[in-house]
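Undergrad: What follows is a single structure, and I will ask about it in a moment.
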Amino acid sequence: MINDSSAFLTQFIRHPLTTGAVLPSGSTLARDITATVPQRGHPLVVELGPGTGVFTQAIQQRLAGRGHHLAVELNPTFATGLARRHPTVDVVHADAATLGGLLSERRLAPADVIISGLPWAALPGNRQSAILDAVVGALDTTGVFTTFAYRHALPTRPARRFHRLLTEAFDEVTVGRTVWSNLPPALVYHCRGPKAVASGSGT
Ligand SMILES: C[S@@+](CC[C@H](N)C(=O)[O-])C[C@H]1O[C@@H](n2cnc3c(N)ncnc32)[C@H](O)[C@@H]1O
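In terms of this note's numbering, the sequence shown has 89 at position 107, counting the first letter as 1, and numbering is strictly consecutive.
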């Protein structure tokens, strides 16, 4: 998708810290990170940071018209484009940290699945904690949270801090295979058993 790639690059140049990548994720990473979307029933699926919609498309394919898909995007250009392309998705231009309020406004139950495309390693500690608190507060006790990390960035301080926050916030954090075909290579964290709000560190 050359148009998506150039749109993404433009947004990276304008908003490098919140966009957090120069290219959209690839389809293999999208398949891995959305594998937790149930293929039966009517789940509530929340997507954070959809960008140009690679994960959105994969979620919609798995839902096949079932459930409710809420996509929360901070960048108005991405949000407008996504809403146009996916009229059946509940796209909202908002900060992921306000997720609890967004669900309350819609009178929606806790989420069955939350899928994040957020650039965690580009966020300061207080923002990581605030958004992770919102995720933990919005997720059903039997729900699952998936998010990805770029492999090359794992040794960095923000990425290690984020991993620590995940292990504080969930009973179980497992790491998926590395998707080497992704640019850059990335892996998925699967988090279950939300146990408490993340502790703010700011470090
Ligand atoms: C690394 S891009 C990932 C985009 C897409 N999920 C993908 O994998 O191609 C990060 C996305 O998160 C969005 N974002 C960053 N901070 C956000 C926040 N606080 N709330 C909602 N979206 C945010 C950015 O605008 C961007 O669309």
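Cβ coordinates follow ideal geometry from the N, Cα and C atoms, glycine included.
1. For Ile41, which option in Arg146, Asp72 and Leu85 has the closest C-alpha, if you only look at C-alpha atoms?
2. May I ask whether a heavy atom of ligand 1 can be found less than 7 Å away from the beta carbon of Thr128?
3. Going by alpha carbons, who is nearest to Leu169 out of Ser98, Ala61 and Asp94?
4. With burial defined as no fewer than 16 other Cβ atoms inside 10 Å of the residue's Cβ, what is the status of Thr70: buried or exposed?
5. Applying the criterion that 16 or more other CB atoms from any shown protein chain within 10 Å of the CB defines a buried residue, is Arg186 buried or exposed?
6. Smallest Cα separation from Asp(-13): which of Leu105, Thr34 and Leu(-1)?
7. Leaving aside the five residues before and after Gly8 along the sequence, list all residues of the same chain whose C-beta is less than 8 Å from its C-beta, in chain order.
8. Out of Ala103, Leu52 and Pro101, point me to the one whose CA is closest to Gly82's CA.
9. Please give me, in chain order, every unbroken run of the beta strand (DSSP E) with length at least 3 that falls completely inside the region 95 to 141.
10. Using a Cβ-based criterion (distance less than 7 Å to any ligand heavy atom), does Pro101 qualify as near ligand 1?
TA: Walking through what the data contain:
1. Asp72
2. no
3. Ser98
4. exposed
5. Residue 186 cannot be examined here, being either before or after the span of the chain that is shown, -17 to 185.
6. According to the sequence displayed, residue -13 carries Ser and not Asp. Out of Leu105, Thr34 and Leu(-1), Thr34 has the C-alpha closest to the C-alpha of Ser(-13).
7. Val36, Val161, Ser163, Asn164 and Leu165
8. Leu52
9. 121 to 132
10. yes
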